[in-house]
Amino acid sequence: MSASTYRIAADEQADIQLVDWHADPLVLELTKNGQVLALASPLNAAPGAALDDVTAAATSAPMADFEPRRFGDVVLCVGPADAAWPSDIELMERLMRPARAVIEAAAPVIEAATTGSRRVLAWGLVAALTLGGLLTTVIARHAQAARDAVKPEPLVGQVYRAISGAAIPEVTVRAAGDRVIVEGLLPDAAAAQALRQLLDRFPVERIEHRYASAADIAQSISEALDTPGLVVRYRDRGVFVVGGRAAFPDRVRDASTRVAADLAPLVRGIEVAVASAPVPDSVPVGAMLATDGLQYVQTRDGAKHLSLIPESIGELSDPPTPPAR
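So the sequence shown is numbered by this note's numbering: it starts at 175 and just counts up by one.
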């Protein structure tokens with residue numbers, strides 16, 4: 175194409191007739207220095223009429239090489255006739271990208287071509303024939319590429335997001351090799367069951383359950399102390415409180431320290447706030463065994479007592495009976 179103006183429309187008087195052109199007539203001006211300008215056709219202008227300088231300056235829009243532009247249902251693209259043209263798919267990809275990115279992508283081709291090269295106008299990308307199919311192909315390829323580029327989220331991140339979304343308190347998630355450890359104390363058995371059901375969606379062999387119900391732990395502490403009059407409750411952050419009254423508060427403190435060590439790390443500490451109670455007249459007996467004049471007694475505090483049966487002591491104190499003659 176030589177340097178001139180070309181009117182694009184659907185009528186027979188157009189310099190370039192496109193029967194599928196439904197937009198307003200368009201005038202392309204190919205300048206002597208090789209630049210292509212897209213000009214809005216003046217109203218009521220005669221076919222083939224050139225634009226004056228004022229109109230051209232007000233309506234001109236330069237078209238960059240290999241930058242597809244859409245006019246209604248038709249996509250136009252210009253470029254050097256002696257340059258290698260991109261494929262239709264690549265042109266449609268450029269149509270979907272911002273103009274700046276397209277210009278940057280086409281810059282090497284533009285620089286390689288001489289400014290005095292003859293230009294050629296390419297059309298034929300009509301929506302009724304190829305636009306819908308090409309757009310679908312490009313979008314599908316971009317979507318697949320995006321999925322391939324995104325790395326799968328680590329399992330520890332997936333578990334953490336699931337627990338955070340369920341608003342389950344006082345539960346920590348950490349990675350241990352290829353496994354994920356979930357640990358903490360939950361308010362009750364219902365919360366523990368809900369957490370277990372939530373974790374069932376992940377690979378069973380990679381999830382390590384280290385959580386429990388605070389109510390169940392409090393019951394276990396109470397049974398381990400085995401002292402009437404004590405009340406165990408959960409405060410927060412793995413700390414339990416033992417209250418009530420006991421005849422030997424120091425023994426309760428010592429026992430609480432041992433129990434806390436046995437239940438770590440779920441139990442981080444047991445605080446004892448026990449008031450003194452009168453010492454009972456009789457010591458609670460946990461077990462008793464008597465045989466051959468020896469009595470063995472184990473009290474509930476763990477102390478063991480050995481004693482002789484009084485009858486046996488009396489027998490030992492009597493003088494021996496002389497043998498009969």
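For glycine and all other residues, C-beta sits at the position ideal for the given N, C-alpha and C.
Secondary structure of Ala-364 (DSSP, three-state): helix. Look at Arg-370 here: in three-state DSSP terms it is helix. A residue is called buried when at least 16 other Cβ atoms come within 10 angstroms of its Cβ; Ala-235 does not meet this threshold and is exposed. The beta-carbon separation of Pro-199 and Ala-177, rounded to 20 Å, does not stay under the 8 Å limit for a contact. Under a 10 Å Cβ-count criterion, Pro-328 is classified as exposed, with fewer than 16 other Cβ atoms of the shown protein chains found around its own Cβ. Annotation for Ile-337: the continuous alpha helix (DSSP H) segment containing it runs 329-339. Secondary-structure assignment with DSSP links Ile-182 through a beta bridge to Ile-190 and Leu-200. Its Cα nearest to that of Val-413, the residue Pro-361 stands out among Ala-212, Phe-245 and Pro-361. Leaving aside the five residues that flank Arg-348 on each side, the residues in its chain whose CB is nearer than 6 Å to its CB run, in chain order, Ile-355. By the beta-carbon neighbour count (other beta carbons within 10 angstroms, threshold 16), Pro-254 is buried.
Assignment of Thr-473 by DSSP, reduced to helix, strand and coil, places it in the strand class. When DSSP states are grouped into helix, strand and coil, Ile-342 belongs to the coil group. DSSP, reduced to helix, strand and coil, places Val-378 within a helical segment of the structure shown. Here DSSP, grouped into helix, strand and coil, assigns Pro-423 to helix.
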